[in-house]
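Protein sequence lines, in the order shown, are assigned to chains A and B.
For the first sequence, UniProt numbering gives the first residue as 1, with consecutive numbering after it.
For the second sequence, UniProt numbering gives the first residue as 1, with consecutive numbering after it.
There are 2 protein chains.
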Amino acid sequence: MSHRENPRPGGRSARVQAAVHQSVRDILATMDRTDVTIPLIAQRANVTPSTIYRRWGDLQELLADVAAARLRPESEPPRIGSAREDLESWIEQYADEMASGVGRQMLRDVLSSTDGTSVEKCRCYMQQQLAVLIARAEKSGERFPDLEELMDHVISPIIYRILFDCPIGEDYVRELIAKVMQKFKG
Amino acid sequence: MSHRENPRPGGRSARVQAAVHQSVRDILATMDRTDVTIPLIAQRANVTPSTIYRRWGDLQELLADVAAARLRPESEPPRIGSAREDLESWIEQYADEMASGVGRQMLRDVLSSTDGTSVEKCRCYMQQQLAVLIARAEKSGERFPDLEELMDHVISPIIYRILFDCPIGEDYVRELIAKVMQKFKG
DNA sequence: GCACAAAAGCAAATAATTTGCGTTAGTTGG
DNA sequence: CCAACTAACGCAAATTATTTGCTTTTGTGC
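Encoded structure:
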């Protein structure tokens with residue numbers, strides 16, 4: 001599937017992809033997840049259903065592709081102050097986004113795809129953002145958890161709770177971060 | 001949907017459910033996930049497709065239901081020795097099961113269902129097993145992490161890595177447990 | 001045993017998916 | 001700039017899956 005990766009910008013393939021993605025987003029915003037069909041998406045995007053079937057295979061793959069695209073961060077984590085403050089701010093925003101109705105749906109769409117491309121993208125995006133935060137901390141000489149530590153003990157619990165419908169308290173995220181940071185003090 | 005919950009044992013409804021579940025398991029063992037269809041499942045289970053559509057709605061829901069049923073533990077965590085040893089043994093077995101091809105697929109099936117019933121079951125099963133271990137520790141007076149601690153810092157990282165295709169090293173699980181237990185020593 | 005309700009079967013109608021083939025748009029080499 | 005060339009699209013027919021109305025069966029309670 002070479003289409004998915006890097007269709008030449010401006011080409012017909014890219015235009016179709018953009019139209020279909022937009023169509024999916026519009027439709028998902030309007031109607032219930034279970035009523036979405038490929039013919040419907042095709043109609044709104046002004047393409048033939050067979051185009052979508054040929055490019056994406058089935059609805060799950062298409063939704064996963066769209067979700068992965070939406071999960072791509074638009075900017076680096078904002079600079080607030082210390083590395084820890086930047087981390088808290090970014091993670092909280094990330095958790096809120098993922099815990100929202102659409103966020104959860106995107107997560108599930110990404111995970112239910114057979115093909116692993118979207119899941120990988122999703123993970124890479126997140127890791128890149130964390131890497132930026134880690135690099136900043138290193139630059140300013142602050143002690144800071146590494147990528148593994150953050151993934152295992154901050155990101156994982158949050159995502160797990162979202163996926164498995166566990167309640168996430170008001171300052172759950174802050175507490176997770178506090179625990180991870182505390183390891184340097186003991 | 002009252003069927004899903006507690007069909008009277010021995011009734012027709014229960015027989016159909018068992019036949020369909022078995023059919024799904026057989027088919028999943030044989031062929032690729034993307035080639036599985038409801039008419040196929042129905043045929044092998046000797047029921048009409050409409051029966052399946054009426055009871056489960058669609059393939060995703062059916063697969064989620066079957067997966068949740070398969071994730072139900074058959075027995076309590078085995079007694080090895082100390083509470084910690086019991087925990088290590090059970091978690092390792094749990095992680096292996098989930099990380100296997102079928103385990104991963106079951107997880108994804110459970111998560112991709114729209115209805116939250118299966119996801120809840122899956123979580124409850126796991127929590128019950130952990131609760132048994134916690135109760136044992138309490139009985140024998142050993143210091144032991146609570147449910148939240150185990151979910152957040154042992155189960156979550158494992159499941160996250162499985163879902164997002166991160167490598168899980170040989171003694172990754174043991175290290176997670178070591179970290180969690182260590183908090184009592186500092 | 002009889003009446004009732006819940007769930008299954010059957011079959012027709014609808015909708016989605018696949019596929020073969022012709023067409024178009026973008027790319028490349030002269 | 002023009003002529004092949006190719007990848008991706010459109011179209012439509014064939015196939016397959018899904019929905020639905022109605023009938024029949026099966027298990028339950030009286």
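All C-beta atoms in this analysis are idealised placements derived from N, C-alpha and C, irrespective of residue type, glycine included.
TODO: Tell me whether Ile80 (chain B) is buried or exposed, calling it buried when 16 or more other Cβ atoms sit within 10 Å of its Cβ.
DONE: exposed
Open item on the list: If distances are taken between C-alpha atoms only, which option among B:Leu71, B:Glu138, B:Ala178, B:Asp146 comes closest to Val102 (chain B)?
Closed with: For the options B:Leu71, B:Glu138, B:Ala178, B:Asp146, the alpha carbon positioned closest to that of Val102 (chain B) is the one of B:Leu71.
TODO: Please name the residue, chosen from B:Glu88, B:Ile162, B:Leu133, that lies closest to Met98 (chain B) on a Cα-to-Cα basis.
DONE: B:Ile162
Open item on the list: Less than 8 angstroms between CB atoms is the rule here; does Pro157 (chain A) satisfy it with respect to chain B?
Closed with: yes
Open item on the list: I'd like to know whether the C-beta atoms of Cys122 (chain A) and Val132 (chain A) end up nearer to each other than 8 angstroms.
Closed with: no
Open item on the list: Can you pull the chain A neighbours of Asp165 (chain B), defined as C-beta to C-beta under 9 angstroms?
Closed with: Gly116, Val119, Glu120, Arg123
- [ ] Closer than 8 angstroms by C-beta to Val180 (chain B): which residues in its own chain qualify, once you throw out the five before and the five after it? Chain order, please.
- [x] Pro145, Glu149, Leu150, His153, Val154
Task: Outcome for Leu147 (chain B) when other beta-carbon atoms lying within 10 angstroms are tallied against a minimum of 16 - done: By the neighbour-count criterion, in which 16 or more other beta carbons inside 10 Å mark a residue as buried, Leu147 (chain B) falls on the exposed side.
Open item on the list: Assuming contact is defined by CB atoms lying nearer than 8 angstroms, are Gln60 (chain A) and Ser112 (chain A) in contact in what I supplied?
Closed with: yes
Open item on the list: For His48 (chain B), which residues in the same chain have their Cβ closer than 7 angstroms to its Cβ, ignoring the five residues on either side in sequence?
Closed with: The amino acid occupying residue 48 (chain B) in the given sequence is Thr; His does not appear at that position. So the list reads Ala42, once near-sequence residues are dropped.
- [ ] Please list the segments of the beta strand (DSSP E) lying wholly inside the stretch 50-130 of chain A, counting only runs of 3 or more residues, in order along the chain.
- [x] Correct list: empty.
TODO: Would you be able to state if there are at least three C-beta pairs under 8 angstroms between the stretch 81-96 of chain B and the stretch 82-91 of chain A?
DONE: no
TODO: Provide the residue span of the alpha helix (DSSP H) that contains residue 202 (chain A), from first to last.
DONE: As displayed, chain A neither begins before 1 nor continues past 186, which places residue 202 (chain A) out of reach and without an answer.
TODO: Apply the 10 Å Cβ neighbour rule to Arg8 (chain A) and answer buried if 16 or more other Cβ atoms are within range, or exposed otherwise.
DONE: exposed
Open item on the list: On the criterion of 16 or more Cβ atoms from any shown chain inside 10 Å, does Phe164 (chain B) qualify as buried, or is it exposed?
Closed with: buried
TODO: Let me know the alpha helix (DSSP H) ranges lying completely inside the stretch 137-173 of chain A, each 4 residues or longer, listed in chain order.
DONE: The stretch 137-173 of chain A contains these whole alpha helix (DSSP H) runs: 147-150, 156-163.
Task: Three-state secondary structure (DSSP) of Arg8 (chain A) - done: coil
- [ ] With a threshold of 16 other CB atoms inside 10 Å of the CB of Gln128 (chain B), please say whether the residue is buried or exposed.
- [x] Gln128 (chain B) counts as exposed, since fewer than 16 other C-beta atoms from the protein chains shown sit within 10 angstroms of its C-beta.
Open item on the list: Quick check: the Cα distance between Arg136 (chain A) and Ala83 (chain A), rounded to an integer number of angstroms?
Closed with: Arg136 (chain A) and Ala83 (chain A) have their C-alpha atoms spaced approximately 7 angstroms apart.
- [ ] Taking Arg44 (chain B) as part of the alpha helix (DSSP H), name the residues at either end of that continuous run.
- [x] 38-45
Open item on the list: If you reduce the DSSP assignment to three classes, tell me which class Asp183 (chain B) lands in.
Closed with: First, the amino acid is wrong: residue 183 (chain B) is Lys here, not Asp. Coil at Lys183 (chain B), not helix or strand.
- [ ] Give me the Cα-Cα distance between Val36 (chain A) and Ser140 (chain A), rounded to the nearest whole angstrom.
- [x] 49 angstroms
TODO: Report the residues of the UniProt domain "HTH tetR-type" (14-74) of chain A with a CB closer than 7 angstroms to any CB of chain B, ordered along the chain.
DONE: Arg33, Thr34
- [ ] State buried or exposed for Met31 (chain A), treating a residue as buried only when at least 16 other CB atoms are found within 10 Å of its CB.
- [x] exposed
Task: Cβ pair Ile38 (chain B), Ile52 (chain B) closer than 8 angstroms - done: yes
- [ ] Put Thr48 (chain B) into one of helix, strand or coil per three-state DSSP.
- [x] coil
Task: Cβ-Cβ distance between Leu63 (chain A) and Val24 (chain A) below 8 angstroms - done: yes
Open item on the list: I believe Tyr160 (chain B) touches Ile159 (chain A) by the beta-carbon criterion, under 8 angstroms. Please report the beta-carbon distance rounded to the nearest angstrom.
Closed with: Sure, about 6 angstroms apart at Cβ, within 8 angstroms.
Task: 8 angstroms Cβ cutoff met for Ala45 (chain A) and Val66 (chain A) - done: Between Ala45 (chain A) and Val66 (chain A), the C-beta spacing is not below 8 angstroms.
Task: Cβ shell of Ile50 (chain B) (< 8 angstroms), same chain only, five flanking positions each side left out - done: Reading the sequence as shown, one finds Ser at residue 50 (chain B) and not Ile. There are no such residues.
Open item on the list: Here's the rule I'm using: 16 or more other beta-carbon atoms within 10 Å means buried, otherwise exposed. How should Arg15 (chain A) be labelled?
Closed with: exposed
Open item on the list: Whole angstroms are fine: how far does the CA of Tyr125 (chain A) sit from the CA of Glu74 (chain A)?
Closed with: 10 angstroms
Open item on the list: Here's the rule I'm using: 16 or more other beta-carbon atoms within 10 Å means buried, otherwise exposed. How should Ala29 (chain B) be labelled?
Closed with: exposed
Task: Beta-carbon spacing of Thr34 (chain B), Thr117 (chain A) below 8 angstroms - done: no
Task: Alpha carbon of Leu40 (chain B) to alpha carbon of Gln22 (chain B), nearest angstrom - done: 13 angstroms
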